[in-house]
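Residue numbers (this note's numbering): 1009 to 1337. Every residue gets a Cβ at the ideal spot worked out from N, C-alpha and C, and that includes glycine. Structure, as structure tokens:
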Amino acid sequence: MSTSSRRGLRTLVLLPPHDPATAGWPDRLEQAVPELVVLQPRTSEEAAHALAEADAAYGTLPADLLAHAGRLRWLQAPQAGPPPGFYHPALVAHPVQVTNMRDTYTDHVAAHTLALVLALARGLPRYVRDQARARWAPDWDPGAVLPLGEATALVVGVGAVGAEVGRLLAAFGTRVVGVDARRGGPVPGFAEVQPADALDRLLPAADLVILTVPHTPATEGLLDARRLALAKPGAYVVNIGRGPTVRLDDLAAALSAGRLAGAALDVFETEPLPADHSLWRRPDVLITPHVAGVGPHAGERRFAVLLENARRFVAGRELINLVDKSEWY
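What follows is the structure, given as structure tokens:
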């Protein structure tokens, strides 16, 4: 039976390609939301046909498929920060509402961030390399350690992840300040939260610069040569937000010049990071391959957001995690 003959129902299309973890989602959604018909096309051609009568969709919707979605009113992005190109001009101009998966991995990403910070603070990147060579080389210089109880951390982006990172750092006695385009203070654990345009003013006082911001038109290349020159000499940079926010060649140059003490990166301008990039071989750099969000329950958390929004959608209620499409978050 076509959905057009099932009066009063709404159609949600789960767009390909499909993660095996979503195989049971159509039945679960239809059971939980009887007003919903869920389609799971396997190819782009099938997706184009399904979108012709779709009210909502889950996944990535390129311009060629969006052109078939004449009645689409809601698109659920499958990530908190979708990859570059997700918010293409046709999608931004389209009246469809977009929601994302923010705050589904906050605990995992914040824990990973703290692991990176602690590793840098105690000089672990160098010791890990020494271990691989069976080299015993203790560094007894007190300056080789960053005492977190005496440090200032600047968290760039005080969303769910940034706020949790600040709260955890404050437990170590770190003075935490933040900048955010939307959120002001007070935020638990933060001494202050300033507007985004305060970044240049706050950089010179920060021992730790931690980026958790999404990739947006405003944050692309946010930490470049000019801003790295403003950073406190001997500062550390940590990026667990999105790769395009940090210019990697500028960061490598600042490290080579001795301006920074080190860096820890989970995300990169180009992924995978090219094997010949100098950052791989630096003893003052710690690299993880975009895994900060890894942890248990990820699939169920994504499903919970989709289910909550599906219920709201069929009831005509405001959706959660709404995105400003022009700003990509």
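Nearest to Ser1286 by alpha-carbon distance, out of Asp1257, Arg1191, Gly1078, is Asp1257.
Within the same chain, and ignoring the five residues on either side of Leu1230 in sequence, the residues whose Cβ sits closer than 6 Å to its Cβ are Thr1253.
For Gly1174, there is no enclosing beta strand (DSSP E); the residue is part of the alpha helix (DSSP H) that begins and ends at 1168-1178.
Here the stretch 1134-1153 makes no contact with the stretch 1176-1195; the two share fewer than three CB pairs at distances below 8 Å. In this structure, the straight-line span from the alpha carbon of Ala1283 to that of Arg1289 is close to 10 Å.
For the stretch 1211-1266, the continuous alpha helix (DSSP H) assignments of 4+ residues that do not extend past its boundaries occur at 1233-1238, 1256-1264, in sequence order. Beyond the five residues adjoining it in sequence on each side, Val1104 comes within less than 7 Å, by CB distance, of Leu1080, Arg1081, Trp1082, Leu1083 in the same chain, given in chain order.
Between Pro1155 and the set Ala1129, Ala1161, Leu1020, Asp1138, the nearest pair of CA atoms involves Ala1129.
As for any alpha helix (DSSP H) of minimum length 4 sitting wholly inside the stretch 1100-1138, the runs are 1114-1129, ordered along the chain.
DSSP, read as helix, strand or coil, puts Pro1034 in helix. Our two residues, Thr1160 and Leu1022, have alpha carbons roughly 45 Å apart in a direct line.
Assigned with DSSP and collapsed to three states, Pro1203 falls in strand. Counting only the Cα atoms, Ala1062 lies some 43 Å from Ala1123. In this structure, Val1166 lies near Val1195, with their beta-carbon atoms less than 8 Å apart. By the 16-neighbour rule on beta-carbons within 10 angstroms, Arg1190 is exposed. Exposure of Asp1147 is indicated by the presence of fewer than 16 other C-beta atoms within 10 angstroms of its C-beta. At the C-beta level, Leu1059 and Ala1077 come within 8 Å of one another. The three-state reading of DSSP puts Arg1018 in strand, counting E and B together. Judged by pairs of C-beta atoms under 8 Å, the stretch 1263-1272 does not touch the stretch 1309-1316, as fewer than three such pairs exist.
Your pair Val1187 and Phe1198 does not check out as a contact, with CB atoms roughly 11 Å apart and the cut at 8 Å.
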